[in-house]
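Everything in the sequence shown is counted per the UniProt record's numbering, starting at 1 for the first residue and increasing by one. Note that CB positions come from ideal geometry on N, CA and C, so glycine has one too. Note that the coordinates shown come from a computational prediction; the quantities given were computed from them, not determined experimentally. Please read the structure below before turning to the comments.
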Amino acid sequence: MADNIARVLADTIAADPARPLLTWYDDATGERTELSGATLANWVAKTANLLVDELGLGPGDTAAVLLPPHWQTAAVLLGCWSAGLTVTDQPGDVDVLFAAVDRVAEAEAWPAGDRYALALHPFALPLREAPAGFADYVTEVRAHGDHFGAYPSGGPTHAALRARATARATDLGITPGGRLLIDVDALPDPVDWLLAPLTARASLVLTAHPDPARLPTRRSTERTTHTLP
Numbered sequence: 001m002a003d004n005i006a007r008v009l010a011d012t013i014a015a016d017p018a019r020p021l022l023t024w025y026d027d028a029t030g031e032r033t034e035l036s037g038a039t040l041a042n043w044v045a046k047t048a049n050l051l052v053d054e055l056g057l058g059p060g061d062t063a064a065v066l067l068p069p070h071w072q073t074a075a076v077l078l079g080c081w082s083a084g085l086t087v088t089d090q091p092g093d094v095d096v097l098f099a100a101v102d103r104v105a106e107a108e109a110w111p112a113g114d115r116y117a118l119a120l121h122p123f124a125l126p127l128r129e130a131p132a133g134f135a136d137y138v139t140e141v142r143a144h145g146d147h148f149g150a151y152p153s154g155g156p157t158h159a160a161l162r163a164r165a166t167a168r169a170t171d172l173g174i175t176p177g178g179r180l181l182i183d184v185d186a187l188p189d190p191v192d193w194l195l196a197p198l199t200a201r202a203s204l205v206l207t208a209h210p211d212p213a214r215l216p217t218r219r220s221t222e223r224t225t226h227t228l229p
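Next up, the structure:
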């Protein structure tokens with residue numbers, strides 16, 4: 001088992017990079033965003049290249065990700081893991097921090113050399129004005145390359161996290177090739193809504209603030225095979 005857990009993305013999309021891999025709904029705003037495997041991989045590669053080429057980060061460095069479940073959060077997390085970083089959930093010094101604009105105040109507990117803010121706009125538009133002390137993730141990441149193939153070793157931390165994702169895929173009944181409708185409000189842990197499905201080579205239909213009245217049609221339209229939780 002490769003210890004860089006982001007390799008699961010490459011394995012998942014290898015057979016058909018053009019097929020929808022991650023579809024994002026927010027029933028509170030009406031947003032729907034669909035990403036093919038190739039498109040998500042481009043965002044992940046740009047993020048990894050930002051971390052490695054611009055910031056000089058890699059294995060042994062740490063990232064804080066103060067973001068809710070979202071398709072851009074998937075790109076940030078997979079980009080960090082692709083670069084070999086450890087994503088920590090314990091407040092303290094980190095090498096880089098990513099935060100939603102409504103959570104930048106929390107960053108005081110996470111001193112970081114470089115900090116990026118995300119608007120999580122449906123069309124990935126940049127911020128009108130970045131908060132003080134933050135760069136705009138969308139603006140900065142777009143300047144970087146669409147391919148990242150280094151996959152440096154993530155070490156024991158990555159190996160343990162990937163093993164946890166494999167176990168959770170089994171616990172959640174995720175089968176290879178499945179298409180999952182996931183309530184991210186009920187399953188906010190990225191191991192559940194992101195890593196476990198990718199480890200099982202499943203595609204994702206993620207829904208925030210799900211409207212129960214819309215779910216039957218969504219299951220049919222998206223041709224989902226399994227609902228979580």
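Item	Value
Output the boundary residues of the alpha helix (DSSP H) element that contains residue 82.	71-82
Cβ of residue 138 within 8 Å of Cβ of residue 152?	no
Could you spell out where the beta strand (DSSP E) holding residue 106 opens and where it closes?	Run containing residue 106: none; DSSP gives neither H nor E here.
Nearest to residue 40 by CA position, among 146, 191, 228, 174, is which residue?	146
Straight-line CA distance for residue 26 to residue 43?	20 Å
Does the separation of the CB atoms of residue 47 and residue 86 fall below 8 Å?	no
Relative to the C-alpha of residue 103, which candidate in 119, 74, 93 has its C-alpha closest?	119
Consider the C-beta atom of residue 41 and the heavy atoms of the ligand MN; say whether any pair is separated by less than 7 Å.	Inclusion of the ligand MN in the displayed structure is not the case, the ligand content being empty and no account of it being possible.
Of the choices 80, 163, 185, whose alpha-carbon is the least far from that of residue 28?	185
Classify residue 222: buried if its beta carbon has 16 or more other beta carbons within 10 angstroms, exposed otherwise.	buried
Report buried or exposed for residue 209, applying the criterion of at least 16 other Cβ atoms within 10 angstroms of its Cβ.	exposed
In this structure, how does DSSP classify residue 24 when only helix, strand and coil are distinguished?	strand
Going straight from the alpha carbon of residue 64 to that of residue 110, what length do you get?	7 Å
Quick one: give me the first and last residue of the beta strand (DSSP E) that residue 198 is part of.	No beta strand (DSSP E) contains residue 198, which is instead part of the alpha helix (DSSP H) from 196-199.
I'd like to know if the region 72-84 and the region 174-181 are in contact, where contact means that at least 3 CB-CB pairs between them fall below 8 Å.	no
Span of the beta strand (DSSP E) holding residue 31?	31-36
Give a yes or no on whether the C-beta atoms belonging to residue 235 and residue 8 are separated by under 8 Å.	Since the first residue of the chain shown is 1 and the last is 229, residue 235 is not available in this structure.
Just how far apart, CA to CA, sit residue 38 and residue 66?	25 Å
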